[in-house]
Amino acid sequence: MLLAALLIAVLPSNDKSKADPEITRADIERTIAFLASDELEGRATGSPGAEKAGKFLADALSKAGVKPGGDDGTFLQKMPMTRTTFREVPRLSVWTADGKERECVAGVDFDWMGGAPSTKRLRARVVTKDEEMLGFKDDEVALFLDGTMTDRRRWLNPTGGVGFGLVIAPGNEKPGTKVVDQPPREERRSGKPEEQPAGQLRVHGEVLKLLRAGEIKAVRVHCSVERVEVPAFNVVGVLRGVGTKEIPALADEAIVFSAHYDHIGMASEARAVAGDRVFNGADDDASGCAAVVELAEALAAAEKPVRTLVFLLATGEEIGLVGTEWYIAHPLVPLEKTVCNLNYEMIGRPDSMVGGAGKLWLTGDERSNLGEEFRALGVPVVADPRLGQRFFERSDNYAFARRGVVAQTLSTYEPEVHKDYHGVDDELEKLDLDHMAQAVRASLPAVNALASGKLTPEWKPGGDPSKPQPGKR
-18 MLLAALLIAV LPSNDKSKAD PEITRADIER TIAFLASDEL EGRATGSPGA
32 EKAGKFLADA LSKAGVKPGG DDGTFLQKMP MTRTTFREVP RLSVWTADGK
82 ERECVAGVDF DWMGGAPSTK RLRARVVTKD EEMLGFKDDE VALFLDGTMT
132 DRRRWLNPTG GVGFGLVIAP GNEKPGTKVV DQPPREERRS GKPEEQPAGQ
182 LRVHGEVLKL LRAGEIKAVR VHCSVERVEV PAFNVVGVLR GVGTKEIPAL
232 ADEAIVFSAH YDHIGMASEA RAVAGDRVFN GADDDASGCA AVVELAEALA
282 AAEKPVRTLV FLLATGEEIG LVGTEWYIAH PLVPLEKTVC NLNYEMIGRP
332 DSMVGGAGKL WLTGDERSNL GEEFRALGVP VVADPRLGQR FFERSDNYAF
382 ARRGVVAQTL STYEPEVHKD YHGVDDELEK LDLDHMAQAV RASLPAVNAL
432 ASGKLTPEWK PGGDPSKPQP GKR
């Protein structure tokens, strides 16, 4: 089916010198084949493989016919990134109320989760509710955030832990098992060394119980690291809106279509599977990137959009949505004029729970009218069937949503069946490319309605995560 037939209901066609493109299996395969190739070594943020992936996508957006939306007339939006290499296993000391020092064992009493380790002795502070964090910041304090992952993100927003000495999360009531003596080889974090968020760790067993009881008064981390700055960037393209005769100001509004091109890099030799160390990330999220590139080509071939359309291929999703956070801090269109973010994440295979091939599910369906409007347009999309897994909060859309932008993710991920999530076996050969092409085409009526200004999504009462509801944690 030619794209023009899909677009004509919302965007008027015109006589173009180039033929309207189709969203095809072959185009999708070409994009994923490169992004998920072993050559890119898993596309870890700030790595040479990620740099190659980003430049490939910049070229793809250029060929699609959209304009550069990055720095200095390019498609690249550069951001500071620091690689930290650990020279030793982090150690943790705690002091109880009676003044006694206790040495904690990595892997048993605590797990190091990353960030910038501090060698200071820090005062311990327990946080269990929002008001305990209001206006509070102190780099001489170790925060014990005794809440859910959503609570912790909210309490640390918007700095992500910058300005504190240490951030501690609850682990398991039982102690862990020490299985390795080697430190994590390296990690990558957004920002320059002096802008790094506090070190983060998770505590278990007796140490967790003592913290919850308020018995631990001070902590100290011992760790030797080396930090260097590495290149990192988002890829941003744009089609400028033209508004309408009746409402020219619609040109100033933006719709952001997004996916993330980073993944988790290479496994250690000890974690290799049959010699395979590359976390290829074909479904996660080369599939979403392919979708956004196809949408860019489709929309560039149509009549000029009413609203401005931003195509954001972000880095750093796997390390905390940092690429999208950087875009939000430096947006192409002001955030208050950004009407919606439609994110594509892991659409490489059908989900049997939502009807199989070509069918989609939408995170946050219960939070806004977006899903209802999509269904009214004939888009085969249902509500996220796994609310307990909190997918709404686990992808780039959430960075926009917690600033008040209606932002949701389309996916077809079926975790009960697709067992290669963050595995070395997430490869192109496992994907259903016909399903992907069908799913991307199926989303076009909604994409067109957003682009034309005919659809303006709104949060439902209590749905906007930037406005926590009283009594909710």
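The numbers in the sequence shown follow our numbering, run straight up by one, and end at 454. No residue lacks a Cβ here, since even glycine has one placed at the ideal position from N, Cα and C.
Counting only runs of at least 4 residues, the segment 389 to 434 fully encloses the following alpha helix (DSSP H) elements, listed from N- to C-terminal order: 414 to 433.
Under the criterion of beta carbons closer than 8 Å, Gly329 and Asp413 qualify as touching, at roughly 7 Å.
According to the DSSP secondary-structure assignment, Leu290 is paired through a beta bridge with Leu220, Ile236. When rounded, the separation of the alpha-carbon atoms in Val86 and Gly195 is 20 Å. Counting the other Cβ atoms within 10 Å of the Cβ of Ile13 gives 16 or more, which makes it buried. Cβ-Cβ distances below 7 Å link Gln419 to Ala338, Gly339 in the same chain, with the five nearest sequence neighbours on each side left out; the list follows chain order. Secondary structure of Pro229 (DSSP, three-state): helix. For Met130, the enclosing alpha helix (DSSP H) has its first and last residue at 130 to 137.
Per DSSP, the beta-bridge partners of Met247 are Val259.
Between Thr296 and Tyr379, the CB-CB gap reaches or exceeds 8 Å.
The C-beta of Arg348 has 16 or more other C-beta atoms within 10 Å across all chains shown, which makes the residue buried. Below 8 Å, enough C-beta pairs join the segment 425 to 434 and the segment 268 to 281 to call them touching: three or more. For Ala272, the enclosing alpha helix (DSSP H) begins and ends at 268 to 282. It is roughly 12 Å from the alpha-carbon of Gly345 to the alpha-carbon of Gln370. The Cβ-Cβ distance between Thr225 and Val287 falls below 8 Å. The DSSP-derived three-state label of Glu82 is strand.
In the DSSP assignment, Asn215 is bridged to Gln58.
According to the DSSP assignment, Val188 belongs to no beta strand (DSSP E) but to the alpha helix (DSSP H) extending over 186 to 193. With a contact defined as Cβ atoms closer than 8 Å, Leu182 and Phe117 miss out at about 20 Å. Judged by DSSP in its simplified three-state form, Ser74 adopts strand. Beta-bridge partners of Gly180 (DSSP): Leu147.
For Val303, the uninterrupted alpha helix (DSSP H) run begins and ends at 303 to 310, by DSSP. Excluding residues up to 5 positions away in sequence, Val274 lie with their Cβ nearer than 6 Å to the Cβ of Ala41 in the same chain. Ala253 counts as exposed, since fewer than 16 other C-beta atoms from the protein chains shown sit within 10 angstroms of its C-beta. Here Lys318 carries a helix assignment [DSSP, helix/strand/coil]. CA-CA distance, Leu341 to Gly88, rounds to 39 Å. Taken in chain order, the complete alpha helix (DSSP H) segments of 4 or more residues contained in the segment 321 to 384 are 351 to 357, 378 to 382. Scanning Val314, Ala235, Cys204 for the CA closest to the CA of Pro71 turns up Cys204. Annotated three-state conformation of Leu436 is coil, per DSSP.
In the three-state reduction of the DSSP assignment, Ala17 falls in the coil class, being assigned neither a helical nor a strand state.
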